[in-house]
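See structure below.
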């Protein structure tokens with residue numbers, strides 16, 4: 026729909042809405058791309074309904090970009106309700122118990138109907154902490170499924186099909202998956218199966234292995250990440266695109282992002298704090314509201330959720346913009362150093378952050 | 128007026144009924160004094176707007192689901208604030224120093240009316256010894272008139288109401304009398320504590336269904352230096368006919384130059400009747416209640432408008448209904464609100480089905496817009512002196528639309 030710059034953070038709009046924010050507000054924030062979810066939209070309102078109403082852009086009146094996830098993650102998040110076979114995944118709906126079989130062909134067909142700009146292949150997803158033969162099975166099956174996805178894709182000229190690298194924390198499986206996906210010469214590649222409870226030490230090594238292998242001229246999308254610290258480290262490691270529910274979800278619990286970390290605005294200490302959430306933010310919320318007033322709403326109120334979601338998403342979009350600008354200015358390592366100094370003024374950086382950044386030649390203060 | 132105790136002269140409270148020495152009164156009648164249904168202009172430090180008008184109720188200082196950027200797109204001219212939401216915020220607002228509007232994050236200049244009681248929950252209490260109580264986030268608390276005066280001067284809203292004890296139509300005589308006595312006494316004490324409150328305090332008219340008590344309340348309150356009158360105890364458990372009778376008796380006693388606010392009326396029919404009797408300002412959360420029920424207001428704003436193509440109207444539509452699943456049209460054709468300009472019934476239906484927060488946001492935008500547009504029509508009918516024709520056409524149209532309606536609630 027529109028050209029946009031990376032690195033980019035993509036807010037999650039699972040059911041055709043980023044929770045509580047209007048399309049106009051997302052535009053004001055300057056957010057160029059959001060996520061939708063094929064499994065959920067396929068269930069309600071149904072891909073046929075979305076298609077009949079002109080596709081998801083038209084249905085939700087969003088003229089920016091949309092990326093749809095294939096439904097693969099629901100294999101993990103709704104595992105109790107899922108039965109995974111070579112054919113596909115059989116889901117039992119958590120809402121009304123009806124059954125839905127999601128095959129690679131079906132997932133692509135639904136995504137063709139929904140009409141996102143970027144669509145994801147259906148992958149066999151296992152939790153990153155899984156061990157044993159299931160991991161290899163999932164990795165190999167993901168490759169078999171990518172071919173089925175490519176074959177089923179009816180709109181290769183206006184929807185970009187990204188493949189997803191699986192393999193949990195096993196470098197050999199990851200290498201196999203990377204090789205095979207790269208052979209298919211896809212428009213972009215995602216690093217999947219992470220951000221599920223694995224240790225950060227293992228996490229960054231897998232990310233780096235993938236970014237080192239993936240083509241330099243194609244976008245790399247790290248799914249389900251995340252926290253500001255993770256975003257900055259992973260941009261350093263060569264990732265271009267991110268999505269995460271964290272900014273919107275934590276907003277509903279009263280937490281706001283600031284340069285030094287987060288503020289739990291429910292805390293009584295903010296009852297008489299007349300500064301904005303982040304004096305350097307500049308978003309509509311920081312221009313109009315004080316912490317003292319937001320303290321009254323935090324965690325209690327729909328408007329509180331709306332305002333903090335607005336701020337948190339703005340914060341991450343701006344963070345990505347500043348990262349990008351520092352790259353253009355040739356000041357990226359300095360930016361990263363300053364960022365971590367703001368987050369850890371006592372210089373007690375997490376070891377995994379030090380290690381990951383060292384690996385790509387960035388030394389913290 | 129000085130109270131004489133037999134055998135001695137002891138001024139307890141002294142009033143000098145004087146015109147505003149240092150400033151203009153905030154309310155000015157712009158219709159002819161002999162007209163019972165009135166038009167006026169209300170002026171605050173920040174803005175002037177026309178009456179009859181409607182203030183939106185707030186929770187924690189904001190209207191439901193309306194962040195100030197969304198609120199700025201609506202023709203909302205005023206908000207009511209609840210004591211319970213701001214009871215401890217006096218000092219911080221004073222320290223803030225930029226005014227209550229900015230503290231609440233408001234982008235547009237709106238009139239802020241601080242009420243002592245949350246109008247959307249009939250939460251009214253007083254201790255045995257006659258001390259005013261209210262509910263805050265921290266639970267039930269007492270408040271003296273002196274403390275109320277102090278809180279008001281720290282928050283500094285455009286207008287505020289006296290502390291009041293409400294008596295509804297069904298209340299006993301004892302309660303009704305008590306409501307008049309206590310409310311008057313609280314008003315006097317508040318004014319004594321802070322005489323400059325006469326610039327923005329509304330006296331509350333109490334008395335339940337007892338005409339004598341209502342008249343007493345109206346007459347006594349009129350003697351005090353108040354900026355206007357809040358007609359209390361309505362919209363609770365009385366029928367429209369009962370309300371009309373009591374309201375008539377009250378308004379007869381009130382000076383025409385001061386505005387009349389009524390709390391708790393929201394249904395369009397009730398609004399028109401009250402305006403016909405001389406009410407200027409309404410406060411309500413009616414559009415929000417409609418949203419909470421999953422309904423959208425679609426009543427015909429002006430049945431006398433010949434220029435609009437005639438078509439069947441519904442008073443409200445229930446967007447949860449499966450009939451809307453594929454309707455790629457706005458909630459109401461021709462509505463200029465953000466929701467109708469940008470979104471379809473199909474999308475709102477989907478958001479409601481999936482219990483998404485945006486459903487409430489968009490519906491509240493539409494419902495508030497439509498409701499405020501109703502007041503725009505009312506004001507123009509009063510200006511053109513076609514209010515009576517409009518009122519009967521509107522009431523008729525509501526009844527015939529109700530037969531079309533998918534929701535026969537209210």
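Chains as they are written, first to last, in my numbering: chain V, 26 to 390; chain F, 128 to 537. Built from N, CA and C at the ideal position, the CB exists for glycine as well.
Classify residue i as helix, strand or coil using the three-state DSSP reduction.
| i | result |
| --- | --- |
| residue 268 of chain V | strand |
| residue 377 of chain V | helix |
| residue 205 of chain V | helix |
| residue 380 of chain F | coil |
| residue 450 of chain F | helix |
| residue 35 of chain V | strand |
| residue 148 of chain F | Its pLDDT being 44, under 50, residue 148 of chain F is placed unreliably by the model, and the measurement read from it follows with that caveat. The answer is coil: DSSP assigns residue 148 of chain F none of H, G, I, E or B. |
| residue 502 of chain F | helix |
| residue 94 of chain V | strand |
| residue 474 of chain F | helix |
| residue 18 of chain V | With chain V covering 26 to 390 only, the question about residue 18 of chain V has no answer from this structure. |
| residue 202 of chain F | coil |
| residue 155 of chain V | coil |
| residue 418 of chain F | helix |
| residue 462 of chain F | coil |
Would you check if the distance between the CB atom of residue i and the CB atom of residue j is smaller than 8 angstroms?
| i | j | result |
| --- | --- | --- |
| residue 395 of chain F | residue 520 of chain F | no |
| residue 198 of chain V | residue 174 of chain V | no |
| residue 284 of chain V | residue 367 of chain V | yes |
| residue 183 of chain F | residue 330 of chain V | no |
| residue 142 of chain V | residue 68 of chain V | no |
| residue 216 of chain V | residue 256 of chain V | no |
| residue 206 of chain F | residue 239 of chain F | yes |
| residue 300 of chain F | residue 337 of chain F | yes |
| residue 165 of chain F | residue 432 of chain F | no |
| residue 295 of chain V | residue 336 of chain V | no |
| residue 93 of chain V | residue 33 of chain V | no |
| residue 414 of chain F | residue 498 of chain F | yes |
Out of the options, which has the shortest C-alpha to C-alpha gap to residue i?
| i | options | result |
| --- | --- | --- |
| residue 63 of chain V | V:74, V:152, V:57 | V:74 |
| residue 458 of chain F | F:452, F:450, F:467 | F:467 |
| residue 275 of chain F | F:215, F:357, F:515 | F:215 |
| residue 196 of chain V | V:104, V:70, V:378, V:235 | V:235 |
| residue 245 of chain V | V:330, V:49, V:214, V:322 | V:214 |
| residue 204 of chain V | V:181, V:226, V:184, V:164 | V:164 |
| residue 213 of chain F | F:384, F:263, F:234, F:238 | F:263 |
| residue 78 of chain V | F:452, F:417, F:312, F:260 | F:452 |
| residue 96 of chain V | V:88, V:252, V:82, V:113 | V:113 |
| residue 192 of chain V | V:160, V:212, V:310 | V:160 |
| residue 339 of chain V | V:281, V:189, V:138 | V:281 |
| residue 357 of chain F | F:503, F:188, F:311, F:364 | F:311 |
Leaving out five residues on either side along the sequence, give the residues of the same chain with a beta carbon under 7 angstroms from the beta carbon of residue i.
| i | result |
| --- | --- |
| residue 327 of chain F | 285, 286, 287, 354 |
| residue 155 of chain F | 167, 168 |
| residue 192 of chain F | 487, 488, 491 |
| residue 383 of chain F | 156, 160 |
What residues in its chain sit with their C-beta under 6 angstroms from that of residue i, if we drop five residues either side in the sequence?
| i | result |
| --- | --- |
| residue 324 of chain V | 278, 279, 291 |
| residue 148 of chain F | With a pLDDT of only 44 at residue 148 of chain F, under the threshold of 50, the placement of this residue in the model should not be trusted; the figure read from the coordinates follows. Cβ within range, chain order: n/a, list empty. |
| residue 178 of chain V | 133, 186 |
| residue 346 of chain F | 380 |
| residue 225 of chain V | 377 |
| residue 370 of chain F | 361 |
Got a sec: does the ligand MG put a non-hydrogen atom nearer than 7 angstroms to the Cβ of residue i?
| i | result |
| --- | --- |
| residue 381 of chain F | This structure lacks the ligand MG, and indeed carries no ligand of any kind. |
Leaving out five residues on either side along the sequence, give the residues of the same chain with a beta carbon under 8 angstroms from the beta carbon of residue i.
| i | result |
| --- | --- |
| residue 365 of chain F | 295, 296, 297, 336, 373 |
Against chain A: residues of the region 74 to 92 of chain V by CB proximity under 7 angstroms: The displayed structure is made up of protein chains V and F, and chain A is not among them.
Contact list for the region 477 to 498 of chain F against chain V, Cβ threshold 8 angstroms: 477, 478, 480, 481, 483, 484, 485, 487, 488, 489
Residues of the region 185 to 202 of chain F whose Cβ lies closer than 8 angstroms to any Cβ of chain V, in chain order: 186, 187, 188, 189, 191, 192, 193, 194, 195, 196, 197
Positions along the region 313 to 327 of chain V whose CB lies within less than 8 angstroms of some CB in chain F: 313, 314, 315, 317, 318, 321, 322, 325, 326, 327
Where the region 233 to 247 of chain F meets chain V: residues whose CB sits under 9 angstroms from a CB there: 233, 234
Interface residues of the region 42 to 63 of chain V facing chain F [CB-CB below 9 angstroms]: 42, 43, 44, 45, 46, 47, 48, 49, 50, 53
The region 110 to 144 of chain V: positions lying closer than 7 angstroms to chain F by Cβ: none
Residues in the region 456 to 475 of chain F having any Cβ partner in chain V nearer than 8 angstroms: 465, 469, 470, 471, 473, 474
Where the region 280 to 300 of chain V meets chain F: residues whose CB sits under 8 angstroms from a CB there: 296, 297, 299
Interfacial residues, the region 261 to 282 of chain V to chain F, with Cβ spacing under 9 angstroms: 277
Contact set between the region 330 to 360 of chain V and chain F, restricted to residues whose Cβ is under 8 angstroms from the partner: 330, 331, 332, 335
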